[in-house]
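Under my numbering, the residue at position 64 of the sequence shown is numbered 245, and the numbers go up by one with no gaps.
From the three backbone atoms N, C-alpha and C, an ideal C-beta is built for every residue, glycine too.
Owing to the predicted nature of the structure, the values given are computational and were not obtained by experimental measurement.
Have a look at the structure below before the remarks.
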Amino acid sequence: MKGRPLRFTPRRDAGLHAFERALGHAGFSPVAGVDEAGRGACAGPMVIGAVILQGGRGRIEGLTDSKLLTPARREELYAEITERAFAWSAVVIPCYDIDRIGLHRCNITGMRRALAALDKRPAYVLSDGFPVPGLEVPSLAMIKGDQVAACVAAASIVAKVTRDRLMVQLHDRYPLYGFDVHKGYVTRAHGAALAEHGPCAEHRFSYVNVGRALRNNGEVALGEGTEGEVPGEGRTEGARA
Numbered sequence: 182m183k184g185r186p187l188r189f190t191p192r193r194d195a196g197l198h199a200f201e202r203a204l205g206h207a208g209f210s211p212v213a214g215v216d217e218a219g220r221g222a223c224a225g226p227m228v229i230g231a232v233i234l235q236g237g238r239g240r241i242e243g244l245t246d247s248k249l250l251t252p253a254r255r256e257e258l259y260a261e262i263t264e265r266a267f268a269w270s271a272v273v274i275p276c277y278d279i280d281r282i283g284l285h286r287c288n289i290t291g292m293r294r295a296l297a298a299l300d301k302r303p304a305y306v307l308s309d310g311f312p313v314p315g316l317e318v319p320s321l322a323m324i325k326g327d328q329v330a331a332c333v334a335a336a337s338i339v340a341k342v343t344r345d346r347l348m349v350q351l352h353d354r355y356p357l358y359g360f361d362v363h364k365g366y367v368t369r370a371h372g373a374a375l376a377e378h379g380p381c382a383e384h385r386f387s388y389v390n391v392g393r394a395l396r397n398n399g400e401v402a403l404g405e406g407t408e409g410e411v412p413g414e415g416r417t418e419g420a421r422a
């Protein structure tokens, strides 16, 4: 493989693009970042984003962990990423797959699917938090990768914005729970709605608090227009800019 050997680990103060720059010098280009949104929620899907930022279109300023950004800024960066990134994808894992297969397995499988959906095959993969076994290219799991590597930060924004939009759609179907506000995460208001109404079909029944609410309530709440597919169910989307 052409390029200089990777002889060092970039310092944290070297900037978000330091890892991709070092990997490129070592011959690993392009580099893809992958991250998830919704792992800690007890309702709604989990969404995995994958992004390749290389492509000679300049850097995207302001990238960081999506949770550290305001919703308006996330939307702005999402538009810029999907317009200017070399390749991007988002994969939606529905709640019933999480119950059936398990959260961690869905996370890893979703990361593989998101990477496979990219229009461009990466030479190296940076993932947030968890290693992704079974890839055909080398990879590195990074602690707080969305605060360390630009491509992982971009992937976190794609995943978060995609999921937030789906949760707003689910609020229209299940207005009793406030999905448009807390996005399915465990909050006091969400817990009170679960206790009063029981879970809906978009809750994760393998979670302790949801199972408790089902036992206490005895039935699953039905939403408006429950016929047909759940918004985003099993969806994979992506594009090359």
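In its chain, beyond the 5 residues on either side, E201, V212, A213, G214, V232, I233, L234 and L307 have a beta carbon closer than 7 angstroms to the beta carbon of C332. When DSSP assignments are scanned along the segment 268–332, the uninterrupted stretches of alpha helix (DSSP H) that are 4 or more residues long and fall wholly within it turn out to be 276–282 and 284–297. Where A231 is concerned, the enclosing beta strand (DSSP E) starts and stops at M227 to I233. P312 is a Cβ neighbour of A322, given a cutoff of 8 angstroms. If you check the CB distance, G372 and A224 do not come in under 8 angstroms.
Counted as a single uninterrupted DSSP element, the beta strand (DSSP E) harbouring G214 occupies residues V212 to A218. For the pair R293 and L316, the Cα-to-Cα distance works out to about 7 angstroms.
In this structure, the straight-line span from the alpha carbon of Y358 to that of G379 is close to 10 angstroms.
When beta bridges are read from the DSSP output, A402 appears opposite C381. Bridge pairing for A224: H384 [DSSP].
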